[in-house]
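Below: the structure, in structure tokens.
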Amino acid sequence: MLIETQYFPCIRFWAAALQTSGVKLEKYENYQKRSYRNKSIILAANGPLQLSVPLVKGKNSAMPITKVQISYEENWQKIHLQSLVSAYKSSPYFEFYIDDILPFFETRYEFLYDLNAEIIKWFCSQLKIDFSESRQYERLTEVDFRQKYLPKNRQHKLPSYVQVFSEKYDFESDLSVLDLLFCKGPEMRRYLDDFDQHLLS
């Protein structure tokens with residue numbers, strides 16, 4: 004599937020990737036606001052929590068995504084990692100995967116695209132699906148998922164699984180793939196494989 008870059012992409016992103024045999028990142032688009040490009044949503048003790056990668060001022064819809072720089076005026080990596088530890092330290096697979104995730108919070112990436120691409124490549128390797136990048140801006144294709152999954156249109160009817168705070172909250176659907184990774188571990192792919200097509204729209 005052809006799709007824009009996302010920060011620890013949402014669950015539907017990965018279900019669609021499996022059904023279309025892989026991920027092709029759109030490398031030649033321009034930055035867009037109000038998207039998952041620099042955001043993801045996890046489940047914390049007080050409910051859904053949005054993690055946002057701060058960006059250097061001056062970004063706009065005319066700026067190529069590969070030129071959007073990450074801001075380090077605040078230690079956002081430490082904040083995000085602490086949020087993950089707090090939210091998922093008691094999850095079944097946190098200890099199994101946290102060492103693989105740590106480099107994304109320890110490496111000082113200059114550009115948002117590079118950070119996201121490394122994250123997505125790692126998850127592709129876990130799910131055993133192909134990863135590639137566009138070589139130019141692509142027009143519409145049969146598997147075009149660009150701008151399809153946005154924070155404002157989270158799918159709230161995905162199949163449920165046991166989450167860390169299941170005793171406290173109803174199931175929270177379509178979170179960051181991190182929630183699925185830490186809660187389902189090696190069963191992550193089986194969960195994604197079972198999606199009905201209509202849930203991806």
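The working numbering numbers the first residue of the sequence shown as 4 and each following residue consecutively. All C-beta atoms, glycine included, are put in the ideal place defined by N, C-alpha and C. Note that the structure is predicted; figures quoted are calculated from it, not measured.
How close, in whole Å, do the beta carbons of Phe185 and Tyr91 come, if the pair is a contact with beta carbons under 8 angstroms?
4 angstroms
Measuring alpha carbon to alpha carbon, tell me which of Leu115, Ile82, Glu113 ends up nearest Leu105.
Ile82
Assuming Gln22 is part of the alpha helix (DSSP H), what are its boundary residues?
In the DSSP assignment, Gln22 falls within the alpha helix (DSSP H) that extends over 14 to 22.
Let's test the definition: count the other Cβ atoms within 10 Å of the Cβ of Gln85 and tell me whether it reaches 16, buried, or not, exposed.
exposed
Please give me, in chain order, every unbroken run of the beta strand (DSSP E) with length at least 3 that falls completely inside the region 31 to 55.
42 to 47, 50 to 55
Taking the CB atoms as reference points, tell me whether Ile68 and Tyr116 lie closer together than 9 angstroms.
yes
Quick check: the region 13 to 24 against the region 178 to 196, are there 3 or more CB pairs under 8 angstroms?
yes
Can you have a look at Asn119 and say buried or exposed, based on whether 16 or more other CB atoms are within 10 angstroms of its CB?
Buried, since its Cβ has 16 or more Cβ neighbours within 10 Å.
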